[in-house]
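In the numbering used here, the protein residues as written are 95 to 273. Where a beta carbon is used, it is the ideal one built from N, C-alpha and C, also for glycine. A short write-up of the structure that comes next.
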């Protein structure tokens, strides 16, 4: 029994076309998030602990990814109590006259990057910052999932110079440490 070469070639072309179409249009991508270059913070034991970070979300696939919610975890904290996602703002700077939008779910469209400055809070704060590196994990509820997924591990660098104000005033800091 001989197989017609034209049949093999046309079948392979059809399979290639279907797989290419799936890859370019229907495939679910992965959500990538960049670590923050700067941050704003205010530590407190009994009052509100506030952290604000600029994150860039990138979806490497063609289908949108829906982020239902975010939360922030101090990785080294003994009794890990997450900081809830409370708002987005237009600028990292702090101040009274800033537009704040309540936290909401958001889409990350296929092959697009999205910059969001996210604010996280916890009441009571339960901590005062010290001059050290804090290991953090950003977690998300993606799509219809009810399970939190870690999407970024990063470090917050609290320097000796920022200790003078970080537990008293909510202001911005540089997250890069010169080595």
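Thinking just about the alpha-carbon of each residue, which of the options is nearest to the one in residue i?
{"i": "residue 201", "options": "142, 118, 108 and 156", "result": "156"}
{"i": "residue 205", "options": "159, 133 and 109", "result": "159"}
{"i": "residue 151", "options": "141, 264 and 212", "result": "212"}
{"i": "residue 242", "options": "132, 162, 136 and 148", "result": "162"}
{"i": "residue 135", "options": "223, 96 and 179", "result": "223"}
{"i": "residue 261", "options": "125, 98, 133 and 137", "result": "137"}
{"i": "residue 179", "options": "165, 148 and 263", "result": "165"}
{"i": "residue 266", "options": "183, 125, 258 and 146", "result": "146"}
{"i": "residue 192", "options": "182, 130 and 198", "result": "182"}
{"i": "residue 154", "options": "101, 125, 111 and 144", "result": "125"}
{"i": "residue 188", "options": "197, 209, 132 and 97", "result": "132"}
{"i": "residue 244", "options": "256, 176, 255 and 263", "result": "176"}
Identify whether residue i lies in helix, strand or coil by the three-state DSSP scheme.
{"i": "residue 102", "result": "helix"}
{"i": "residue 169", "result": "coil"}
{"i": "residue 139", "result": "coil"}
{"i": "residue 150", "result": "strand"}
{"i": "residue 182", "result": "strand"}
{"i": "residue 107", "result": "helix"}
{"i": "residue 251", "result": "strand"}
{"i": "residue 119", "result": "helix"}
{"i": "residue 217", "result": "coil"}
{"i": "residue 260", "result": "helix"}
{"i": "residue 266", "result": "strand"}
{"i": "residue 114", "result": "helix"}
{"i": "residue 95", "result": "coil"}
{"i": "residue 194", "result": "strand"}
{"i": "residue 222", "result": "coil"}
Note down the Cα distance separating residue i from residue j, rounded to an integer number of angstroms.
{"i": "residue 169", "j": "residue 139", "result": "18 Å"}
{"i": "residue 122", "j": "residue 236", "result": "12 Å"}
{"i": "residue 214", "j": "residue 119", "result": "34 Å"}
{"i": "residue 234", "j": "residue 203", "result": "16 Å"}
{"i": "residue 142", "j": "residue 246", "result": "24 Å"}
{"i": "residue 207", "j": "residue 225", "result": "33 Å"}
{"i": "residue 186", "j": "residue 149", "result": "11 Å"}
{"i": "residue 270", "j": "residue 195", "result": "27 Å"}
{"i": "residue 184", "j": "residue 198", "result": "15 Å"}
Does the segment 102-113 come close enough to the segment 226-236 to have 3 or more Cβ pairs within less than 8 Å?
no
If we count Cβ pairs, one from each stretch, closer than 8 Å, do we get three or more for the segment 240-255 versus the segment 211-222?
no
Assess contact between the segment 169-179 and the segment 112-131, defined as three or more Cβ pairs (one per stretch) separated by less than 8 Å. Is contact present?
no
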